[in-house]
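Residue numbers (this note's numbering), protein chains in the order written: chain A, 2 to 243; chain B, 1051 to 1264; chain C, 48 to 414. A virtual CB, placed ideally from N, CA and C, is assigned to each residue, including glycine.
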Amino acid sequence: MNLLWAWLSNPENWQGSSGIPVRVAEHLAYSAATLVLAALVGIPLGLWIGHTGRGRVAVVNLVNGVRSVPTLGLLFAAVLVVGPLLGGDIAFLLPSIFVLVLLAIPPILAGAYAGVEGIDPGARDAARGMGMSSLEILFRVEVPCALPLIFSGVRSAALQVVATATLAASVSLGGLGRFLIDGQAYRDYGQMAGGALLVAVLAVLVDLVFAGVQRLVVSPGLAPVRSARRVRTRAQLATNPT
Amino acid sequence: MKWFLGHLDQVWQLMLNHAVLALIPLVVGLLLAIPLGWLATRYRVLYSPLIAGTGLLYTIPSLALFILMPLVLGTGILDPVNVVVALTIYTIALLVRTVADGLGSVPDDVVQAATAMGIGRGRRFWSVELPLAVPVIAAGLRVAAVSNVSIVSVAALLGIPQLGSLFTDGFARNFLDPIAVGILACMVLALAMDLAILWISRAATPWLRTRVAT
Amino acid sequence: MISFTDVTKVYPGGTTAVGGLSLTAPTGKITVLVGPSGCGKTTSLRMINRMIEPTSGTIEIDGRDTSTLNPNELRRGIGYVIQSGGLFPHRTILDNIATVPLLLGWDKAKARTRAHELLERVGLDPILGKRYPNQLSGGQQQRVGVARALAADPPVMLMDEPFSAVDPVVREQLQDEFLRLQGELDKTIVFVTHDIDEAMKLGDQVAVLRVGGILAQLATPAKLLADPHDDFVADFLGRDRGYRGLAFAEAPELPLRDEPVVLLGSTVAQAAEIAAGDQWVLVVDDARAPLGWAEPDRLSGLIDRDHLHRGGTVARVGGSLRAALDAALSAPSRRGVLVDEDGRLVGTVRAQDVLSAIERRPAGAVA
């Protein structure tokens, strides 16, 4: 505990290009970039699958399959295979981001899909009966109704990304993971534990921010009603803390 | 392939280690999650704090949790107990909610009928509510099992031997084969545990298989 | 007016849902499609607003072939109410009701005013406007569904089992209010139900369909009960057809008797005097509205509400023969109470007088 406190309270660790603020910024930058890319792929694809009903089985299998792939192994394999083709710093950055995106897509995809699929068929039928076009149904009914599950998908993905970005330090990437990996290398437990604490706090804060945004964006009419069906969806959508 | 055949013993040993590190937390986590989940359904006021509290623990990335464990447990950084306890925490976090929701999903009229027949609260829990919640709990347990297997491999970064060691070794030597073998072995282990839980859950819920064929 | 001309619907796989249906739903009237499951009633309904496209045949609304119209524009001009309500869970009640007006490009203020107006029209507290659907009961949600369909004041309404998901008491209320509303609005309504009693109660005309979407009979409820076209229709209509048919037969002038009455709060002695030897005496309030029957011999003191026998039903003068007969049969005195439009006592009628009025009607007569 003393080592941890000593490291955290040392002003040197809060300055310079490898100081805590810079590492936090790096970590957030990787995570945000990854999440945006994954959302750009996962949300439209998930909405499309939910809207058309095509490829449902594939989604469930994809989510379960990806969950069983060990993140660390995937990260190392990607860097070893893709890295030499690139060269320079980017040799580590690109494969890592690629793996992060890959891992973040399934929960987002599954959330968007389950969100659209779970909409009361009556609401969709009524929307069509009132003369809404396919796009109007999608954006005025399906997307707003699917938001709670879209959000939980993105939230799970965000946690996954923040956690996996930490591991990416072991393939020479920046971010808070550096303290954990470097601390281990120098047998400096204070640095390791300090970094670990920062990662934990960052993850919790990110989750809280998402929870807050969700509360602002999602209609209060969609407040969760607990039912067996939702329970099962949630179990299917849960992701690893990695 | 050649590498794999030459290192069969080593891979097998690592896989056993891996399985133990993933299984113990699963069993302990389940045993602890059942009473906690019951508390959350029995006393509604406890539901939110229990779910929020365990949810908070669930958000902490695994590597960070492994590293922070010695501060709480007084163990050394290389002690596998850190991994076991951390994974137990994750398992509980995931399962408390599942158990609570699973127990909550038992139809009210079934519980009422049991009560009306004079089955006491404790007996009712073991003989009616828990069995009926098995499918939901099993679904959560499968998620926990599969993710535990994946997370254990992270502990290789701290030097705790299991299949993840193949990743760190391979990466250090710039050698893809052990990494590929490790990934496959992890997936096989995850699949095996997943199927085992599925099988146990089916065996424990014969009434779900007796639907009239249509 | 909506007219089906030889409309068929064959689903891929060869199931014929609707087979050569021709019928007309007149303007300003309620046409009920009723039949067992698989009779294609919902399919027929949904072909009107092209939620389902017919395989062949034409459907015209006021002479315009619907297949030549843009489906979305067509639907915006037709009110649509479904069984589950189909309310949008993410929108408030007011926003739900204002959906079609906004789709049609009304300005927001006008759409909201209209939504408010409709909320009251369907008998809901305006406070509910700011709530979300999951905060409303099933019956309330169904009223919102009706209000939403009425929002842009469409001349045509399609209703697919709108009241079948609520409990019987609420269903009856909703049906009564629906009839009251239709009395004010005169929409052209096509209404689907599997409940023959609902069909009889609501329909100006009722189309009985058999499996495969074949029209078995199209007639007014009275005509259906009096003269079912075949065994299928007769079976589907069920028992007590003769008695139920009286509901559609307006009572002719019935021989009314003056009924001696006592005011609520009179003494039992006064009541006994007025009863003049009869076992039962009718008790009314200050406005001469009948309250129930009292039995002076068994009472003492003042007559209050707890003393009254309330088994008797009350019929309106000029109402149906069924109501008049039921009033006579259900009264403990065997004298059926008839009231005027304002609920004031006019007189009483005996069952035998109602029966002789029934017997004087020509056999198979239809009101």
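Taking CB distances under 9 angstroms as the criterion, tell me whether residue i reaches chain A.
i, result
"Asn1224/B", "yes"
"Gly1087/B", "no"
"Pro118/C", "yes"
"Val147/C", "yes"
"Pro1211/B", "no"
"Ile1233/B", "yes"
"Ile236/C", "no"
"Gly1214/B", "yes"
"Leu1065/B", "A small fix is needed here, since residue 1065/B is Met in this sequence, not Leu. By this cut-off, Met1065/B is not an interface position."
"Gly185/C", "no"
"Thr1109/B", "yes"
"Leu1113/B", "yes"
"Gly1079/B", "no"
"Asp1129/B", "no"
"His241/C", "no"
"Ala1263/B", "Low per-residue confidence applies at Ala1263/B: pLDDT is 49, beneath 50, and the placement is therefore not dependable, though the value from the model is reported in the following sentence. No - not a single Cβ of chain A is within 9 angstroms of the one on Ala1263/B."
"Thr55/C", "no"
With residue i and residue j assumed to form a contact (beta carbons below 8 angstroms), what rounded beta-carbon distance in angstroms separates them?
i, j, result
"Thr78/C", "Asp251/C", "7 angstroms"
"Val100/A", "Val163/A", "No, Val100/A and Val163/A are not in contact; Cβ-Cβ is about 14 angstroms, not under 8 angstroms."
"Arg1174/B", "Thr1165/B", "7 angstroms"
"Ile109/A", "Gly47/A", "7 angstroms"
"Cys146/A", "Ala115/A", "About 12 angstroms separates the two Cβ atoms, so there is no contact after all."
"Ala361/C", "Val330/C", "According to the sequence provided, residue 361/C is Val. The question's Ala does not apply to it. Not quite, the Cβ-Cβ distance comes to about 13 angstroms (not below 8 angstroms), so this is no contact."
"Arg363/C", "Arg382/C", "With 8 angstroms as the limit, Arg363/C and Arg382/C do not qualify as a contact, their Cβ atoms being about 16 angstroms apart."
"Gly1220/B", "Phe180/A", "Going by Cβ atoms, the distance from Gly1220/B to Phe180/A rounds to 24 angstroms, so no, they are not a contact pair."
"Pro101/C", "Thr55/C", "7 angstroms"
"Leu1153/B", "Ala1189/B", "About 14 angstroms; that fails the 8 angstroms criterion."
"Thr35/A", "Ala105/A", "6 angstroms"
Closer than 7 angstroms by C-beta to residue i: which residues in its own chain qualify, once you throw out the five before and the five after it? Chain order, please.
i, result
"Phe93/A", "Val80, Gly84, Val172, Ser173 and Leu174"
"Gln1063/B", "none"
"Leu1213/B", "Leu1064, Met1065, His1068, Ser1203, Gly1232, Ala1235 and Cys1236"
"Ala40/A", "Ile109 and Val155"
Which residues in the same chain have their Cβ closer than 6 angstroms to the Cβ of residue i, if we skip the five residues on either side of it in sequence?
i, result
"Gly176/C", "Ile140, Leu141 and Leu166"
"Leu124/C", "Going by the sequence as given, residue 124/C is Gly instead of Leu. Result list for Gly124/C: Pro201, in chain order."
"Val1134/B", "Ile1074 and Pro1075"
"Ser69/A", "none"
Could you name the residues of the same chain whose beta carbon sits closer than 8 angstroms to that of residue i, not counting the 5 residues immediately before and after it, in chain order?
i, result
"Glu406/C", "none"
"Glu261/A", "With chain A represented from 2 up to 243, any question about residue 261/A goes unanswered, as that position is not in the structure."
"Leu271/C", "Met247, Val253, Val255, Gln264, Val280 and Leu284"
"Phe1054/B", "Val1061, Asp1227 and Val1231"
"Ala73/C", "Reading off the sequence, residue 73/C comes out as Pro, not Ala. Hits under 8 angstroms: Met48, Thr235, Asp251 and Gln252."
"Tyr1016/B", "Past the boundaries of the shown model lies residue 1016/B; chain B is included only from 1051 to 1264, so the question cannot be answered."
"Val416/C", "Because chain C in this structure spans residues 48 to 414, residue 416/C falls outside the shown range and cannot be described."
"Asp373/C", "Thr360, Ala362 and Gly383"
Say whether chain B places a C-beta atom closer than 9 angstroms to the C-beta of residue i.
i, result
"Gln16/A", "no"
"Phe77/A", "yes"
"Pro122/A", "no"
"Gln215/A", "no"
Would residue i be called buried (16 or more neighbouring beta carbons within 10 Å of its own) or exposed?
i, result
"Arg1147/B", "buried"
"Asn1132/B", "buried"
"Glu297/C", "exposed"
"Ala1205/B", "buried"
"Glu300/C", "exposed"
"Gln161/A", "buried"
"Ile98/A", "buried"
"Gln8/A", "The sequence as given places Trp at residue 8/A; Gln does not occur at that position. By the 10 Å Cβ count, Trp8/A comes out buried."
"Trp327/C", "buried"
"Phe415/C", "Because chain C here runs from 48 to 414, residue 415/C falls outside it and cannot be looked at."
"Gly184/A", "buried"
"Ala375/C", "buried"
"Ser91/C", "buried"
Is any heavy atom of the ligand HEM found at a distance shorter than 8 angstroms from the C-beta of residue i?
i, result
"Gly1168/B", "With respect to small molecules bound, the structure shown includes none, and the ligand HEM cannot be examined in it."
Between residue i and chain C, is the shortest Cβ-Cβ distance under 9 angstroms, so that the two count as touching?
i, result
"Glu1/A", "An answer regarding residue 1/A cannot be provided, because it is not within the stretch 2 to 243 covered by chain A."
(request) Evaluate the contact criterion for the region 354-370 of chain C versus the region 282-301 of chain C: three or more CB pairs, one atom per stretch, below 8 angstroms. (result) With a cut-off of 8 angstroms, the region 282-301 of chain C and the region 354-370 of chain C count as touching, because enough Cβ pairs lie within range.
(message) Contact between the region 189-196 of chain C and the region 126-146 of chain C is defined here as three or more beta-carbon pairs at a separation below 8 angstroms; is this criterion met?
(response) Touching, yes, given that three or more Cβ pairs across the two stretches are closer than 8 angstroms.
(message) For the structure I just gave you, are there three or more beta carbon pairs, one from the region 1107-1121 of chain B and one from the region 1134-1152 of chain B, closer than 8 angstroms?
(response) The region 1107-1121 of chain B makes contact with the region 1134-1152 of chain B: 3 or more CB pairs, one atom from each, lie closer than 8 angstroms.
(request) Kindly confirm or deny that the region 10-21 of chain A and the region 203-217 of chain A touch, where touching means at least three C-beta pairs closer than 8 angstroms. (result) Verdict: no, contact absent.
(message) I'd like to know if the region 152-165 of chain C and the region 97-112 of chain C are in contact, where contact means that at least 3 CB-CB pairs between them fall below 8 angstroms.
(response) Contact between the region 152-165 of chain C and the region 97-112 of chain C is not established, with fewer than three Cβ pairs separated by less than 8 angstroms.
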